[in-house]
Amino acid sequence: MAKTIACLGSSAGSLGEPAYDAMVEVGRLLAKRVVRVVTGGFGGIGMEAPARGVKEAEGVVVGYTMWGKRGNEFLTYTSPQHRESTNTEMQFCLRLGHILQSDSFIIARDQWGPGTIMELLGIINLNLKLWMPSGKGKRLAILTLVQNQNKDTNIISMITDGEDWRSCMPLILPTCRPEEAVGWVLGD
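Structural data, given as structure tokens:
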């Protein structure tokens, strides 16, 4: 069975911007490796960009949307269960739960919005409390193309502030190269 890789990040950004274009390349590279890609299904560098790359390379990308909103035009499938419930909190939890079932993760580092930070912390929390203790830690690549690299240092130092958190650092790769991010999450 093919691996499932979740691509995450901001809903801002458009074609021609460095971070967006890098995530398009991530999508292309994942599709060429016959990997199923999942995203939150909406726009921007974290969802639309990788979906665009996957579609260009004729791969499969699933979008987990909610609130009855349509996903971006590049999705192969949109998960319907998140549109049927009227309970916003449950839609949110189901969407995140499905995304976190992925084998590995690539987060586009352009803007750390609250949704992206929540996804990042969810990955770290599950790695520490569930996946690593069971011997199945999940890799995370943080693809960063921001001008001010000190912002990333602040996020990484937050992660490494406590002793427990440091134990998951070997599973996290900050990089500015799409090829390296894809290779990392696929275990190359």
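Residue numbering for the sequence shown follows my numbering, beginning at -17 and increasing consecutively. The beta carbon of each residue, even a glycine, is placed where N, CA and C say it ideally should be. Bear in mind that the values here come from a model prediction, so they are computed numbers and not experimental data.
Please name the residue in the options whose C-alpha comes closest to that of residue i.
i: Met48; options: Glu161, Phe56, Glu40 and Thr60; result: Thr60
i: Leu(-3); options: Gly26, Gly41, Val36 and Lys14; result: Gly26
i: Lys120; options: Phe74, Gly169, Gly9 and Asp92; result: Gly169
i: Glu38; options: Lys14, Gln73, Asp85 and Ile154; result: Lys14
Mapping DSSP to helix, strand and coil, what is residue i?
i: Tyr2; result: helix
i: Thr58; result: coil
i: Leu153; result: helix
i: Leu(-10); result: strand
i: Thr126; result: strand
i: Gly45; result: strand
i: Val20; result: strand
i: Pro196; result: Given a span of -17 to 170 for the chain in the structure shown, any question on residue 196 remains unanswerable.
i: Lys37; result: helix
i: Gly28; result: coil
i: Cys75; result: helix
i: Gly9; result: helix
i: Ala163; result: helix
i: Arg52; result: coil
i: Arg148; result: helix
i: Leu168; result: coil
Using the beta-carbon count (16 or more within 10 Å), is residue i buried or exposed?
i: Ile81; result: buried
i: Leu(-10); result: buried
i: Glu40; result: exposed
i: Arg148; result: exposed
i: Val6; result: buried
i: Thr70; result: exposed
i: Gln73; result: buried
i: Cys150; result: buried
i: Val20; result: buried
i: Gln99; result: For the sequence presented, residue 99 should be read as Ile rather than Gln. It is exposed - the Cβ of Ile99 has fewer than 16 other Cβ atoms within 10 Å.
i: Leu103; result: exposed
i: Gly35; result: buried
Of all Cβ atoms in chain D, is any one closer than 8 Å to the Cβ of residue i?
i: Glu40; result: Looking for chain D here will not work: only one protein chain is present.
### Message
Taking 8 Å as the cut-off, does the stretch 102 to 115 touch the stretch 49 to 56 (at least 3 CB pairs, one atom from each stretch)?
### Response
Contact check between the stretch 49 to 56 and the stretch 102 to 115: fewer than three CB pairs, one atom from each, fall below 8 Å, which does not count as touching.
### Task
Entirely within the stretch 78 to 108 and at least 4 residues each: give me those alpha helix (DSSP H) ranges in chain order.
Those alpha helix (DSSP H) runs which fall completely within the stretch 78 to 108 and span 4+ residues are 96 to 108.
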